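Protein chains: 2
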Amino acid sequence: MKMDDRKQKVLMAIVQDFIATAEPVGSRTIAKKYRLGVSPATIRNEMADLEEQGYIEQPHTSAGRIPSQQGYRYYVDYLMQRKELSAEQEDLIRRQFEKKVRDVGQVIQKAGQLLSHLTQYASIIMSPQIGAGSFKHIQLISMRPSQAMVIVVMDNGTLHHRVIEVPESITSADMETISGVLNAKLQGLTIESIKVTLLKEIYLELARHKHILDLAMDLLQESLMLRNEDKIYLGGVFNMLNQPEFHNIEKVKTLLSIIEQEKMLCELLSNQGDTGGVTVRIGDEIKHREIKECSMITAPYSICGKQVGSIGVLGPTRMEYAKVVSIVESMTRNLSRAMERMIFGPGK
Amino acid sequence: MKMDDRKQKVLMAIVQDFIATAEPVGSRTIAKKYRLGVSPATIRNEMADLEEQGYIEQPHTSAGRIPSQQGYRYYVDYLMQRKELSAEQEDLIRRQFEKKVRDVGQVIQKAGQLLSHLTQYASIIMSPQIGAGSFKHIQLISMRPSQAMVIVVMDNGTLHHRVIEVPESITSADMETISGVLNAKLQGLTIESIKVTLLKEIYLELARHKHILDLAMDLLQESLMLRNEDKIYLGGVFNMLNQPEFHNIEKVKTLLSIIEQEKMLCELLSNQGDTGGVTVRIGDEIKHREIKECSMITAPYSICGKQVGSIGVLGPTRMEYAKVVSIVESMTRNLSRAMERMIFGPGK
DNA sequence: TGTTAGCACTCTATGTTGCTGAGTGCTAAT
DNA sequence: ATTAGCACTCAGCAACATAGAGTGCTAACA
């Protein structure tokens with residue numbers, strides 16, 4: 000793993016130049032553009048070594064070199080220095096997140112648009128996985144003569160509702176009563192702690208309204224079981240087509256076919272390591288073989304310190320790692336804050 | 000506009016063959032495959048006429064003919080006969096819509112997936128535009144010591160909620176009271192009919208809770224004003240890449256750039272004619288010049304007879320009109336039903 | 001008068017060839 | 001250890017040739 004200083008510089012030059020131009024980099028270019036103070040011939044020697052060690056490769060004999068996966072990895076781990084965001088970028092992000100939004104979906108969507116706009120790659124954002132909560136409040140509301148709405152509020156701030164059929168004989172007052180009893184008996188319970196005896200008790204008390212009760216309990220039960228499902232926002236795929244690596248239709252096809260499968264996207268985002276920080280996965284390190292020659296930079300965001308979802312950027316392996324890492328990091332910070340405000344109110 | 004019988008047959012052959020193969024159609028092919036009982040030479044004469052009249056064109060001298068926009072139009076208006084869905088397809092659609100789903104978004108999404116799967120083109124579906132309703136019920140719920148949730152239920156079955164900050168001194172009982180007063184005074188009102196005098200009255204009655212009242216009224220007002228915004232589901236773009244007309248990257252790019260702009264999609268769907276039935280727009284007839292060489296087949300769906308949204312299929316002008324028209328039609332029927340069930344409960 | 005066979009003509013698509021230039025690896029001189 | 005010099009390789013491009021699909025026109029035919 001040890002690498003002499005000049006080799007590092009050469010590797011760095013190759014990676015950077017290739018990221019910038021998408022053209023294989025020759026020894027002359029490096030000597031001229033990166034001023035290492037040695038001649039192309041010397042650099043050729045270094046390159047031969049680097050190739051032998053697997054950091055770079057040659058598309059064909061008479062071409063320059065391009066970084067191998069291992070080369071990118073080395074660059075990301077040891078050579079790259081983060082490129083801090085410009086003041087405008089910082090500002091843009093902050094302002095985007097200050098905007099008033101209606102629901103979580105909208106935050107996610109805005110964040111995705113911003114992320115793909117800033118990076119010029121595709122962005123993937125997962126909506127927060129707010130675990131199954133416990134029951135907070137239930138409310139029956141009469142909507143039309145024979146229809147009512149059941150609303151269940153969970154303590155994590157989510158709510159579920161459904162329209163049900165009720166006998167015409169049921170009055171608003173009856174519904175109040177039912178709501179009242181259920182609230183009194185069940186408040187704060189999780190699915191595990193709802194005892195059969197307790198249910199019996201309720202049914203006894205509200206025997207007259209068994210039918211409605213059944214329907215209400217159905218929704219309640221579902222709500223308690225439900226981990227709110229994965230929603231995924233994806234944007235900026237269009238950007239990818241500007242990358243020369245996607246000038247070939249077949250690649251675009253495989254890319255799109257993946258991207259239309261939400262499940263796979265979820266896996267891509269969830270499969271990240273342990274760290275809690277920004278993760279960079281290069282080429283094969285993304286486990287799905289359908290995605291070739293792509294890299295992902297992902298990071299979790301959190302609500303009150305608990306990781307609840309992830310955001311990510313998908314680009315060609317020839318990605319501007321230094322820039323994207325900073326952007327992703329800044330985004331998670333801002334997104335976490337926005338989510339907290341969303342769910343727990345504007346807070347302090 | 001009048002066209003002799005054999006010409007029609009020739010035009011039909013050209014359109015159908017081109018739709019099937021994407022290759023310019025020659026006179027020999029028509030004579031052999033479509034058995035018009037005349038020789039290629041005769042067909043060549045007919046084709047020369049058709050070209051003169053603008054129904055077909057020649058990509059270059061030594062190629063066969065392809066339909067012009069006008070040619071497709073004539074085909075769709077006079078020649079095409081609907082291709083009824085196969086029993087399996089009918090069945091597939093029905094079963095998809097019978098599945099239990101959680102919310103409107105999910106119905107839309109499922110429908111979109113199905114539509115693009117059946118047609119093999121891109122599908123666009125608009126979520127229902129349920130107009131601003133009138134107020135049905137408001138409920139304040141204490142969530143944490145200094146936080147409460149306001150829920151507003153509208154008579155059209157939609158609901159809005161928000162977490163607000165409240166003084167710690169407010170009790171659950173206070174909230175019940177506030178909810179109660181608001182419900183009693185405001186039930187059934189629309190934004191226009193809420194009078195200042197009435198508001199004064201409420202504020203007087205609940206003077207102690209002015210702060211909360213303000214927050215609750217904010218949400219209420221927003222809810223009353225809000226036409227629920229356009230959400231658009233889009234799927235099957237991937238399918239389009241299988242069409243030979245999109246083997247050229249530039250076209251894919253313009254297609255994708257459009258497709259990522261939700262606004263434009265909305266316009267595309269809304270801009271349909273009057274008819275209430277299936278609308279076919281070919282090439283330029285879609286007003287956006289960005290979309291070249293595409294056709295759209297759209298149709299509105301309705302809730303209780305009122306048109307609330309549209310679904311559409313976007314494909315190349317060389318689209319299987321006969322098939323897609325039937326599919327779109329069947330989908331709107333099923334979607335309308337599913338929406339009604341969703342919003343008004345399972346009903347009869 | 002409408003239909004058809006025959007034929008010359010056009011033009012794309014495909015393949016072949018040869019050349020150019022970028023880039024390499026090696027060797028010998030510094 | 002570095003570098004200049006040189007022979008070698010190979011993708012990419014342009015120029016050219018060829019094949020084949022399809023046409024339009026003409027003249028013969030029913």
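For the record, the sequence lines run as chains A and B. Each residue of the first sequence is one higher than the last, beginning at 0 in numbering that gives the first Met the number 0. Each residue of the second sequence is one higher than the last, beginning at 0 in numbering that gives the first Met the number 0. Beta carbons are placed, not taken as given, at the ideal position from N, Cα and C, and that holds for glycine. Just so you know, these numbers come straight off a predicted model, no measurement behind them.
- Remark: C-beta atoms of A215/B and L139/B approach each other more closely than 8 Å.
- Put simply, of M79/A, A110/A, V75/A the residue whose alpha carbon is nearest the alpha carbon of L91/A is A110/A.
- Taking a Cβ-Cβ cut-off of 9 Å, the neighbours of K252/B in chain A comprise F237, L240, N241, given in sequence order.
- Counted as a single uninterrupted DSSP element, the stretch harbouring R207/B is not any beta strand (DSSP E), since DSSP gives it neither H nor E.
- Of the residues S126/A, D16/A, K250/A, the one whose Cα lies closest to the Cα of G104/A is S126/A.
- Residues of the region 113 to 136 of chain B with a C-beta less than 8 Å from any C-beta of chain A: K135, H136, listed in chain order.
- It is roughly 14 Å from the alpha-carbon of N270/B to the alpha-carbon of R288/B.
- Residue T176/A holds the alpha-carbon nearest to the alpha-carbon of H208/A among T176/A, S122/A, V236/A.
- Between F237/A and L255/B the beta-carbon gap is near 4 Å, inside 8 Å, which marks them as a contact.
- Counting C-beta atoms within 10 angstroms of its own C-beta, T20/A has fewer than 16 neighbours from the protein chains shown and is therefore classed as exposed.
- Proximity of I248/A to chain B, defined by a Cβ-Cβ separation below 8 Å, is satisfied.
- Closer than 9 Å at the C-beta level to chain A, one finds no residue of the region 180 to 193 of chain B.
- The DSSP-derived three-state label of V149/B is strand.
- Note that the region 302 to 319 of chain A does not touch the region 46 to 64 of chain A; fewer than 3 beta-carbon pairs, one per stretch, sit closer than 8 Å.
- Taking a Cβ-Cβ threshold of 8 Å, the residues of chain B close to E259/A are G234, G235, V236, F237, in chain order.
- Of the candidates I310/B, Q68/B, S222/B, Q68/B places its Cα closest to the Cα of G53/B.
- Below the 9 Å Cβ cutoff, chain B contributes no neighbours of G53/A, its closest Cβ being approximately 32 Å away.
- Taking a contact to require three or more Cβ pairs closer than 8 Å, the region 179 to 187 of chain B and the region 111 to 118 of chain B do not qualify as touching.
- If you draw a 10 Å sphere on the C-beta of S38/A, you find fewer than 16 other C-beta atoms in it, and that means exposed.
- At a cut-off of 3 residues, the continuous stretches assigned as beta strand (DSSP E) that sit fully inside the region 232 to 305 of chain A are 278 to 281, 293 to 302.
- When the five nearest sequence neighbours on each side are left out, the beta carbons in the same chain lying within less than 7 Å of the beta carbon of V152/B are those of K135, H136, L158, in order along the chain.
- Not a single C-beta of chain B is nearer than 8 Å to the C-beta of S168/A.
- Taking all protein chains in view, the Cβ of K8/A is crowded by 16 or more other Cβ atoms within 10 Å, so the residue is classified as buried.
- At a cut-off of 8 Å between beta-carbon atoms, S222/A makes no contact with chain B.
- Assignment of P39/A by DSSP, reduced to helix, strand and coil, places it in the helix class.
- With contacts defined as CB atoms closer than 8 Å, G311/A and I326/A fail to qualify as a contacting pair.
- A distance of 8 Å or more separates the beta carbons of F17/A and Q146/B.
- DSSP places M142/B in the strand class (E or B) of the three-state scheme.
- When only Cα atoms are considered, K250/B and G282/B end up about 14 Å apart.
- Shown here for A121/A: same chain residues with a beta carbon closer than 8 Å to its own, the five before and five after excluded, namely S115, L233, G234, G235, V236, N238, M239, I258, V312, L313, G314 in chain order.
- A Cβ of chain A is located within less than 8 Å of the beta carbon of L158/B.
- With respect to chain B, the C-beta atom of I342/A has a partner C-beta closer than 8 Å.
- The shortest C-alpha to C-alpha distance from M330/B to any of Y300/B, E339/B, K31/B, T316/B is the one to Y300/B.
- Those residues of the region 8 to 27 of chain B placed with their C-beta closer than 8 Å to a C-beta in chain A do not exist.
- When C-alpha distances from V279/B are compared across M318/B, D217/B, V162/B, the shortest belongs to M318/B.
- Following the DSSP letters along the chain, one finds R5/A inside the alpha helix (DSSP H) bounded by residues 4 to 20.
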